[in-house]
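One structure is given below, encoded as structure tokens.
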Amino acid sequence: MLRWAVIFLIIAIVAAIFGFGGIAAGAVDIARILFFIFVVLFLISLIAGMLRR
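Here the sequence shown stands for residues 67 to 119, where the numbers follow my numbering.
Structure follows, in structure tokens:
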């Protein structure tokens, strides 16, 4: 999931360089959502791992 967030961030940067503001804004939003989902799932798995010990 983190890989997809980075891919969409790169797409946003390339789109912004070429002047496609709408596409860049959409890609940044998708990258942000995927990144926060990754962080939440990471924290849940970290807490679950600590509780198993």
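C-beta: ideal position from N, C-alpha, C; glycine also.
Distances from the CA of residue 68 to each of 80, 96, 112 were compared; the closest alpha carbon is that of 96. Excluding the 5 residues flanking it on each side, residue 79 has same chain C-beta neighbours closer than 8 Å at 90, in chain order. As the crow flies, the alpha-carbon of residue 70 is around 15 Å from that of residue 106. Cβ-Cβ distances below 6 Å link residue 118 to nothing in the same chain once the five nearest sequence neighbours on each side are left out.
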